[in-house]
Ligand code: HEM
Ligand SMILES: [Cu+2]
Ligand SMILES: [Cu+2]
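Protein chains in written order, with our numbering: chain W, 545 to 1191; chain U, 805 to 1120.
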């Protein structure tokens, strides 16, 4: 390999990125050294096993990835704004939509949700941490390293360009030569380890670590949604792991699982991909459903309408999510019987979803609705998500799908569910639980600006795309002719995309502004309307052990009961006992770094480097196995001091 | 709060008029053959139900959000403990089930219909055309007429066409939106798609399944002509167009775009890509074309199609 192939060259955009990446790194190194922050970084963050801190790091990385994926989106929309534009060439456009899709789903949506789950769920079930805090750190660092590995493809070696679906044989060596596709395989594989571990970790946490009295049917809806999501993860991710491994064998070792030559089966990839991919869609929507349930109930000041129906609807959705994957390729010609079966199974999944919409509406019925920012996102979700939902049902009708498939109708549909569902949900959850994480609210006035800018921009961007689809505009084309007549709607769409970009900048500004000027909270229930246990902590930001005394639960919405009965939340001195907590560990971070070395080596087929990295990973596993450290106790005195109990 | 929203409602109303007003201008909703027409009917039928669902949700939403806002005067109807209603929940489970049934029946009927030649012309024998996708062009063979074209086809109007779809390399999708929905063309496989044009005309066809750098320009023309014009064209082609040489065909196997071409013989005598899935890849190897990293130094001049330099093909 020559150096000119190692660093991506020949494009001013890339040189710009090189320079800005270089400057950022130098700036960071300087900041950490000059302000003597290295130790702080290592002790407080890189080695932490605290679910709240890991959650915050997940969210911060996800926001960063939202920025990266968003820039990709704006580049594409710029290219498509007018017919025959020369801003990006075909190869460049293909790389950008591939990285955009992959980053948004794998490195933005999922980590954002997992981050919120990390911060909130242990608190919500009255636990001190997750079941396996060390594993939780491994999850985060493998995700983070996977994301970084995928992202550097932009400047080193070249990005993948076979779409986030990476269909074979296109993604094979013959049709996608170079390291690009290897980045996809290894980045996703490494990050996938983290996701699978998260699935197991939270499954156990939710099943085994709930506060006394919290029966399954007293769990908050967000906890339910997380539980069901984890079940889906545990069943779906191994499929991805295997599929990625097989394609890696094809590309690196000349195997023929999916290739054109040998007895490769390209369709097997499509089937495996969507067998994971459709459940994945529910992995990124169910937690959002859970958060909206909490937020709507909180700000409508009412118990959730049809709690049990909501739970069963989610269970049904989870089960069905494994039975609909063929709707992603109705046009494969599998025959009328197959298409009929999958048409029906897909339409059926719309029913529990519809039930949930009505339950949310009727949670507000006879309520007392306050229009806070999280609630605005939730209301915006209802209004926009149904558009995604009904167009989803239209796509489920196989005979009609032959005309929608591979068009902007589909692009619009999945952005209506992914943005109005997942992204609105992430923003809603971020604003809602922000005081839990940092001890102050995000500014509400700026927050509402963010909402309106983003929501309107979103509709201006994506609504016209349904019509572009009906007018025959295929997805993934890098340009189109003036004669096609698609110019006007594309221009509208691009304007909307930039409005969303401004909305995102406003969000970032809000984070800065609130950090500077927001009033600091001094109770654990900053909205004054909290219903679930995370709002029952004594201080705004829970101490590392979460609860001085494990709460007991007597029904749904325990905090409402506390508020109504005017009970005291301050723990009684007599109840306080020493608390056992796990030690920090640098091993997960080091292990993930070795994963990076291994992944990078395999991307370039430098096997010595791959082996060195894997040996490093193995050594960290051994170190952990012989680690006798069993944590430490937080003394009663320290708890007394933290909780400001003066007796 | 709601006064401020009014302009948005107005805007929404205007937008819907703007979009739906031009309804019949959208290609898929203005089909030029019975297959597309059947799909259009299904689409419009479903849009009706969807509009109804949206209407119900939006009306409920608006009423509830306004009526139960926090700063209303009369707070007597605030019931924080009201947690469900069997009747309502059964209602909104039953109605979606009914809607699903109402959508499923015509869907299934259409799925089965589209597997056969259009009913309207059941009495006419379909004309067979094999369509082979090769990065990034379409090769069409008329086995009965013994002729072959690249990137365009002529078809007789008002007669079903049976497309036999396959691919020499990447998975592609054969789509002529004005005539009807798409179907995949896959290496080592054959799929069948029936289409028909009601009248004379020229329609745009393309590959709609992403397959790499030349994807956007992998398009072809469909010319619908009268039966007699078609017969004459087929006969003329058979007698006047050059024969397709194996060498030239192998050049077509290289990745790249191609001009329109016409030949008096087909490639089917050498290779059927539906049975021989790696013919193109092997041909590339044989001709010494090595796949190049698009960011590598050699990428810029590698893999350029060479057939343009051959004088034999005549373009339209
Ligand atoms: C911020 C606003 C966004 C804009 C303006 C935007 C725009 C786009 C565009 C222009 C494409 C390429 C369409 C094509 O050429 O076929 C695309 C594809 C895609 N987007 Fe987005 N997008 C946005 C947000 C998101 C989010 C939040 C997600 C997921 C959570 C997402 C997931 C995807 C996926 C999966 C694809 C398909 C990629 C592929 O074809 O391989 N997008 N988006
Ligand atoms: Cu799906
Ligand atoms: Cu196939």
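Don't be surprised by glycine CBs; every beta carbon is placed ideally from N, CA and C.
Is it buried or exposed, residue i, if we count other Cβ atoms within 10 angstroms and call 16 or more buried?
i: residue 574(W); result: exposed
i: residue 1154(W); result: buried
i: residue 879(W); result: exposed
i: residue 571(W); result: exposed
i: residue 596(W); result: buried
i: residue 921(W); result: buried
i: residue 846(W); result: buried
i: residue 552(W); result: buried
i: residue 867(U); result: exposed
i: residue 621(W); result: buried
Express the C-alpha separation of residue j and residue i in angstroms, rounding to a whole number.
i: residue 941(W); j: residue 882(W); result: 13 Å
i: residue 1083(U); j: residue 812(W); result: 20 Å
i: residue 702(W); j: residue 1149(W); result: 14 Å
i: residue 786(W); j: residue 1146(W); result: 17 Å
i: residue 824(W); j: residue 1071(U); result: 43 Å
i: residue 1171(W); j: residue 862(U); result: 59 Å
i: residue 563(W); j: residue 609(W); result: 19 Å
i: residue 723(W); j: residue 954(W); result: 30 Å
i: residue 707(W); j: residue 1091(W); result: 46 Å
i: residue 941(U); j: residue 974(U); result: 11 Å
i: residue 763(W); j: residue 1084(W); result: 22 Å
i: residue 927(W); j: residue 1069(U); result: 58 Å
i: residue 891(W); j: residue 906(U); result: 11 Å
i: residue 980(U); j: residue 1017(W); result: 12 Å
i: residue 1175(W); j: residue 1167(W); result: 16 Å
i: residue 959(U); j: residue 929(U); result: 13 Å
i: residue 1054(U); j: residue 1092(U); result: 12 Å
i: residue 1066(U); j: residue 1059(U); result: 19 Å
i: residue 884(U); j: residue 1101(W); result: 12 Å
i: residue 917(W); j: residue 840(W); result: 11 Å
i: residue 835(U); j: residue 1005(U); result: 12 Å
i: residue 693(W); j: residue 1140(W); result: 7 Å
i: residue 1012(W); j: residue 1022(W); result: 14 Å
Where do the ends of the alpha helix (DSSP H) carrying residue i lie?
i: residue 815(W); result: 810-827
i: residue 667(W); result: 654-668
i: residue 887(W); result: 880-908
i: residue 1121(U); result: Because chain U here runs from 805 to 1120, residue 1121(U) falls outside it and cannot be looked at.
i: residue 916(U); result: 890-917
i: residue 993(W); result: 988-1014
i: residue 1066(U); result: Counting along the chain, residue 1066(U) falls outside any alpha helix (DSSP H), though it belongs to the beta strand (DSSP E) covering 1065-1067.
i: residue 979(U); result: From DSSP, residue 979(U) is part of no alpha helix (DSSP H) but of the beta strand (DSSP E) over 976-980.
Tell me the DSSP secondary structure of residue i in three-state form.
i: residue 995(U); result: strand
i: residue 604(W); result: helix
i: residue 928(W); result: helix
i: residue 979(W); result: helix
i: residue 968(U); result: strand
i: residue 1050(U); result: helix
i: residue 703(W); result: coil
i: residue 1039(U); result: helix
i: residue 946(U); result: strand
i: residue 935(U); result: strand
i: residue 1029(U); result: strand
i: residue 1120(W); result: coil
i: residue 1091(W); result: coil
Between which two residues does the beta strand (DSSP E) holding residue i run?
i: residue 1005(U); result: 1005-1011
i: residue 956(U); result: 956-960
i: residue 1177(W); result: 1176-1178
Please tell me whether residue i has its Cβ less than 8 Å away from any Cβ of chain B.
i: residue 1015(W); result: Protein chains W and U are contained in the structure displayed, whereas chain B is not.
Problem set entry | Given 8 Å, three or more beta-carbon pairs between the stretch 849-856 of chain W and the stretch 883-899 of chain U | yes
Exercise. Three or more C-beta pairs closer than 8 Å, one from the stretch 942-953 of chain W and one from the stretch 987-994 of chain W: is that the case here?
Worked result: no
For this session: Count the C-beta pairs between the stretch 1075-1082 of chain U and the stretch 944-958 of chain U that are closer than 8 Å, then say yes if the count reaches three, no if not.
Result: no
Exercise. Does the count of Cβ pairs from the stretch 960-973 of chain W and the stretch 646-658 of chain W closer than 8 Å reach three?
Worked result: yes
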